Amino acid sequence: MSGEVNRVHVWWAYLTLAQSGLHAYVSPAESERASSYRSPADQGRSLVAAALLRIAASDALDLDASAIRVDRRCHECGRPHGKPRIDGINVSVSHAGLLVAVATAPIPVGIDVERVADLTRSGHDGGIDQWCAAEARTKLGDCDTVTCQELTAPMAGYGACLAVAAARPAQLVLHDPAASARAVQRLGHRDRCTESGDDHGGR
């Protein structure tokens, strides 16, 4: 397997990025979905995740962010609340507390980030690394060969893990929250994006 095939880009963002006018950079359905949450924090995580996914896919595919089509249709019911899919690239999204993470790769990939305090409150008595690894594998999906590798979250009190459909750990290209913030600044004000599944209801 070549280095290019085994290379995974991991993008990080802080929840504060939601204050950057992100509604202008996501699709109407994504904006509506984010606004539907009662908690401002949940609204922000949904919005940052949608924008960061477009930024990451735009970088991976060398396309304008407004040209990225995100298909969130559920295989079971057809509504747009399933795992996001983008033609030409494998993607995975996770968020917890004040962090959002997106992974892109030529091979199937799953990423998970968890806040230690959240797991403690839920009564989980195992290690956060094991929890994150299990969640990342679930997001990866059914694969014969899986490698999990621990990630260092850009904030204390969090755990993170990446799972890839490969026999060895991926070559990581990390984009920290500052890089994500700069990417948002470069977007400028553009036409609203399109999203496959917009006519199938909200999340």
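Number 156 in this note's numbering belongs to position 34 of the sequence shown; there are no gaps in the numbering. Note that the Cβ used here is the ideal one computed from N, Cα and C, for glycine as well. In this text, all values refer to a predicted model and were calculated from it rather than measured experimentally.
Fill in: residue 199, buried or exposed, once every other Cβ within 10 Å from all chains shown has been counted against 16
With fewer than 16 neighbouring CB atoms inside 10 Å of its own CB, residue 199 falls in the exposed class.
Worksheet item: Using DSSP with H/G/I as helix, E/B as strand and the rest coil, what is residue 279?
Response: The answer is coil: DSSP assigns residue 279 none of H, G, I, E or B.
Discussion item. So, with DSSP's three-state summary, where would you put residue 272?
Written reply: If DSSP states are grouped into helix, strand and coil, residue 272 belongs with the strands.
Worksheet entry | Terminal residues of the beta strand (DSSP E) in which residue 233 lies | Looking at the DSSP string, the run of the beta strand (DSSP E) that includes residue 233 is 231-237.
Worksheet item: Of the choices 279, 178, 308, 149, whose alpha-carbon is the least far from that of residue 194?
Response: Among 279, 178, 308, 149, the Cα nearest to that of residue 194 is on 149.
Item to complete: Enumerate in chain order the residues of its own chain whose CB-to-CB distance from residue 237 is below 7 Å, with the five nearest sequence positions on each side excluded.
Response: Spatial neighbours of residue 237 in its own chain (CB-CB distance under 7 Å, excluding positions within 5 residues in sequence) are listed in chain order as 218, 219, 279, 280.
Discussion item. Out of 172, 197, 239, which one is the CA nearest neighbour of residue 188?
Written reply: The shortest Cα separation from residue 188 among 172, 197, 239 belongs to 172.
Fill in: Reduced DSSP category for residue 129 - H, G, I as helix; E, B as strand; rest coil
The three-state reading of DSSP puts residue 129 in strand, counting E and B together.
Item to complete: Helix, strand or coil for residue 321, going by three-state DSSP, please let me know.
Response: Low local confidence applies: a pLDDT of 40 at residue 321 is under 50, so the model's placement there is unreliable, with the coordinate-based value given in what follows. Correct three-state label for residue 321: helix.
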